[in-house]
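Written out below as structure tokens is the structure these notes cover.
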Amino acid sequence: MQTSFSNYSDYYKNIFKRVYITQDAENYRATRNAISYLGHLPCSIIRSKDIIPPEHMNRDTLLITSPRGKTVGKCPGSKGHMCCNYLTADLYLGCTLGCSYCIMKSYLNFAPVTVYADPMPSIQQIKSIAAQNPDRTVRAGTGETGDSLQFDPMFRMSEIFVQELSSYPNIFFEMKTKTPFVDHLLDIKHKGNAVIGFSVNPPEIIQEQETDTFSLDMRLEAARKAVDAGFNVAFHFDPIIAVKDWENLYARTAARLLEFPKEKISWISLGTIRYSARLKEKMEEESPSGYVPYLLDEFVRCADNKYRYIQHERENILSFMRQQLSPLDCVPVYMCMESRTVWNNVFGAAPLKSKNNFSIFQHINGVRKHIRKN
Amino acid sequence: MELYNIINLPKEPFIPFRKYISRNQEETEILVSEGYYQPPVITENSIIWGNDLIESAEKAGISKLWCHLVAENPLENLLAALRLQNRKNNFSFSEKSAVLAYIRKNHLEDHISMISAEIQDEGDFTIYTDKYDTLPETVKDGIDENLIDIKTAVLMKDLPAEVFDIIFRCGKISYSSRRIILKEILEISRRDGLTQDECIRLTRDIADADNPGESAAKIRYPKMESMKEAFSNYVSSTVKGSGITLEAPQGFEGSGFTARFQIKSVTQLERIIRTLEKVKESADQLFKLL
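So the sequences go chain by chain: A and B. Numbered according to numbering that gives the first Met the number 0, the first sequence terminates at residue 373, and the numbering increases by one at each position without gaps. Numbered according to numbering that gives the first Met the number 0, the second sequence terminates at residue 289, and the numbering increases by one at each position without gaps.
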């Protein structure tokens, strides 16, 4: 976990060992921006990513390429669980933040960190979806398959999204991150409804499970800067891990959000730890001790074949969190990938019956589920 | 091919492959006298193939057999030995371990992919063989006797060897439960920070239980198991014997329970209604499980 940060050049210097750029991405502005940070690394221009040797298919390699096909889709959601209709845009695929629970481990094992260096196709698709849904809130973000801001100071693509989408009153474009990398965004003039979303967890959990990320203090300091600059912010308690003394740890973390002006918090999401059998295997393989202590708790297999805490345990945790956040009464607080039963037991109603969450969960027309490209 | 005096042959096996042919004296005599045998393949210093025949011939008092004498060449000899075994994908880990030891002794590491291809259809045979070599003897024996698979054994390597021994010797445990119980013991041990002695004691208690699988699950998953028990008690005290089947959702994940019944007569219907009234009176106990 990083507790201080001086400059981006130093940070990016040791993250990658090599760079591949596909020919079609060579002249994008984002590619050129990034090269100034990566000039010290061996860089190959390639015809297609298929020619990257197998020994370079890992997170030491950065691949800069152009997007193909539909780059925006509905978050895949989870079978049997309520979906919040979030739209995900391909931009950064994979990251190097090393969170123990990262779902990407189970399917991006042999892939370089990939950057789709042309944001325009995604922007056009989001605009088109927004135009088809003028009376609905369209939430879109780039943080589903990677951290939205870890590499953004190099590529400077988020600012293009923010500016291009700023004139659409129904688009809430979210950049979701575990970094404090917001400085390059602060001076954007037309921010529209852009949201910088911070993934939060108690410092003790960040230190143990999000080893290469940044401290809670740094994230919240960045959130403060973002608010001061006129951005909306969001917070994501996901995954919540019921470690020893979790009530105190999470109560203290939630209390820190109360310092932010309610009207600047677009939403707060809650989700307890969940994992597939494959992910558990990967987590155990990667752990130096061969096991992950918090997975020694009791979990049940749910309708989507992911393991979660026993239902009434989850309800206790989520109700507790909701209670901690209750002073932020007008802020939408919602649960990610939870069942209708848990919604009823924690919120007293399904999301579409909740005034605060109605706009978030309302169906969006003209979008299909996002198929991840590996 | 020459007629060799097998009495003088060095009896150290080239690789200690498992014995799988057992012949009695009469069979061996007939085989040899009629010439119905595949001649052993030997070098000056070892038997590459044909140990079983040479051994049974000696026991039958036969001193000479036709043999192929081949030159000493560690790689060629090993490949020939593996091919003549004709058991691709069916070598035990103790055999693979012996092959790996031979490779290391003779510095054949550069030829592992070629050797692997004679042992198994896919992959490098040394990957799990290396791990097998690090396991305690009890566990190795368990793998060779097919009491446990290598992958599970490697994952459970932090357990004391005595734990494996107790579980292997427990006749009440099937192959699939064995894996589950060992995994549960390991997880309990890690969760509760058990010492080796405590872990062994726990294993004895589990193995001594009437149903070791249930016993291990109760300790590993106390919350879920107590929910199952509470539900089972509830069913016994309310609907058992009434013609109503009451089912909880899988993993107590969901919003409701399922009740099933058939009505064949008014009397039966009245009994069902009376039972459901009983269920209604104590429904709070039921719904707090979800």
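We treat Cβ as the ideally placed atom computed from N, Cα and C, and that holds for glycine.
Asked, Found
"Coil, strand or helix - A/Phe160 by DSSP", "helix"
"Sufficient close CB pairs (3 or more, under 8 Å) joining the segment 163-174 of chain A to the segment 45-54 of chain A", "no"
"Identity of the residues DSSP links to A/Ser198 by a beta bridge", "A/His235"
"Cα-Cα separation between B/Lys78 and A/Glu297, rounded to whole angstroms", "Residue identity differs from the one stated: residue 78 of chain B is Leu in this sequence, not Lys. Taking the straight line from one Cα to the other gives about 50 Å."
"Beta carbon proximity, B/Tyr131 to chain A, threshold 9 Å", "no"
"Endpoints, the beta strand (DSSP E) within which B/Ile187 is located", "That residue, B/Ile187, is in no beta strand (DSSP E); its alpha helix (DSSP H) goes Tyr174 to Asp191."
"Interfacial residues, the segment 75-106 of chain B to chain A, with Cβ spacing under 8 Å", "none"
"Closer than 9 Å to chain B by CB, A/Tyr290", "yes"
"Unbroken stretches of the alpha helix (DSSP H), 4 residues or longer, contained in the segment 103-168 of chain A", "119-131, 151-154 and 157-164"
"Interface flag, A/Glu297 vs chain B, CB-CB below 9 Å", "yes"
"Any chain B beta carbon closer than 9 Å to A/Ile316", "no"
"Three-pair Cβ contact test at 8 Å for the segment 178-186 of chain A versus the segment 143-159 of chain A", "yes"
"When A/Cys301, A/Thr252, A/Lys104 and A/Tyr274 are compared against A/Arg321, the one with the closest alpha-carbon", "A/Thr252"
"Beta-carbon proximity of A/Tyr274 to A/Val242, cut-off 9 Å", "no"
"Closest Cα partner of B/His106 within the set B/Ile126, B/Ile46, B/Leu74 and B/Ser235", "B/Leu74"
"Residues of the segment 160-173 of chain A with Cβ closer than 9 Å to any Cβ of chain D, in chain order", "Although the question refers to chain D, the structure presented lacks it and instead comprises the protein chains A and B."
"For A/Leu269, the first and last residue of its enclosing beta strand (DSSP E)", "Ile264 to Thr271"
"Cα-Cα separation between B/Ile218 and B/Glu228, rounded to whole angstroms", "13 Å"
"For B/Pro9 and B/Lys58, the rounded distance between their alpha carbons", "16 Å"
"Below-9 Å beta-carbon distance, B/Ser175 vs any chain A residue", "no"
"CB of B/Leu288 within 9 Å of CB of B/Phe230, strictly", "yes"
"Contact set between A/Cys301 and chain B, taken where Cβ atoms lie within less than 7 Å", "Glu252"
"Test item: CB-CB of B/Gly255 and A/Gln310 under 9 Å", "no"
"Selection of the segment 183-210 of chain B by Cβ proximity to chain A, strictly under 8 Å", "Glu186, Arg189 and Arg190"
"A/Ile170 in three-state terms, based on DSSP", "strand"
"Residue(s) in a DSSP beta bridge with B/Glu1", "B/Cys66"
"Alpha helix (DSSP H) segments (min. 4 residues) lying fully within the segment 26-51 of chain A", "28-37"
"With 16 other Cβ atoms within 10 Å as the buried cut-off, status of B/Ser115", "buried"
"Under 9 Å between C-beta atoms of A/Arg377 and A/Cys42", "Lying outside 0 to 373, the shown extent of chain A, residue 377 of chain A is not represented and no answer is given."
"The segment 89-97 of chain B contacting the segment 60-75 of chain B, beta-carbon criterion three pairs below 8 Å", "no"
"Chain B contact residues for A/Gln310, given Cβ-Cβ distances below 7 Å", "Phe251, Glu252 and Leu289"
"C-beta atoms of A/Gly72 and A/Thr87 nearer than 9 Å", "yes"
"The segment 344-356 of chain A in contact with the segment 119-137 of chain A per 3-pair CB rule at 8 Å", "no"
"Own chain, CB closer than 7 Å to A/Ala129, minus 5 neighbours either side, in chain order", "Val137, Tyr167, Asn169 and Ile170"
"Residues sharing a beta bridge with A/Phe213, DSSP", "A/Gln1"
"Proximity test, Cβ basis, 9 Å: B/Lys222 and chain A", "yes"
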